[in-house]
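Position 31 of the sequence shown, counted from 1, bears residue number 33 in this note's numbering, the numbering being contiguous throughout. C-beta atoms are modelled at their ideal positions from N, C-alpha and C, and glycine is treated no differently. Note that the coordinates shown come from a computational prediction; the quantities given were computed from them, not determined experimentally.
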Amino acid sequence: MSEPVRLPQSTEAALRELDRIAHGARERVARSHELQERMAGLTGEATSPDGLVRVVRTPGDPLHRLTIEPRAMRMYSVDLAETIRTVAAEARQDLDRNTREVTRELFGDDAAPLGALTAPHAAQAKLAELGELASSSATDAAAVFERLMRGLRR
């Protein structure tokens with residue numbers, strides 16, 4: 003995701019490198035914040051073919067909303083349980099699709115900066131990784147700055 007730090011030979015080159023690192027870090031942090039905000043509002047929804055069971059799920063709550071129409075109570079309990087499981091799985095697939103769509107919007111079709119996201123929990127893990135990258139960019143910038151300072155002392 004991040005280019006390796008190149009140790010420049012001149013002060014001017016060091017400043018350009020420092021600017022490149024800072025710009026990349028700001029961009030990654032901005033995208034990760036936007037992804038985090040958009041992920042918080044994502045839902046996945048599904049309804050049974052007969053319309054008797056509806057599930058809404060969020061990244062943190064697999065059964066955020068479960069709606070069972072009164073007519074569903076006429077079903078055998080085994081059938082109702084299976085319908086709920088099936089609709090919940092479809093809601094997860096919808097949430098996964100929505101997660102991939104948001105990721106694609108922010109990072110392009112390649113989505114290489116986030117790797118292959120297939121589920122919201124994977125997106126959350128990648129957000130943590132992006133935070134670490136931003137931190138490592140600051141460390142990289144400090145290394146370039148230190149080299150620049152040594153060059154100025156000469």
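DSSP-derived helix/strand/coil call for residue i
i	result
A16	helix
E103	helix
P72	helix
R22	helix
T88	helix
L108	helix
M41	helix
D52	coil
Residue i versus the options, residue with shortest Cα-Cα distance
i	options	result
R59	L108, E14, R102 and L97	L97
L108	A24, R30 and D52	R30
A93	A74, R73, T69 and R28	T69
A83	V57, E47, D63 and P61	V57
T45	T101, T105, Q38 and R106	T101
R87	S50, E14 and M77	S50
G53	A74, R106 and G26	A74
A48	R99, E103 and R106	R99
R76	P64, R67 and V55	V55
Paired residues, beta bridge with residue i - DSSP
i	result
A46	A small fix is needed here, since residue 46 is Gly in this sequence, not Ala. According to DSSP, G46 bridges with R59.
R67	V58
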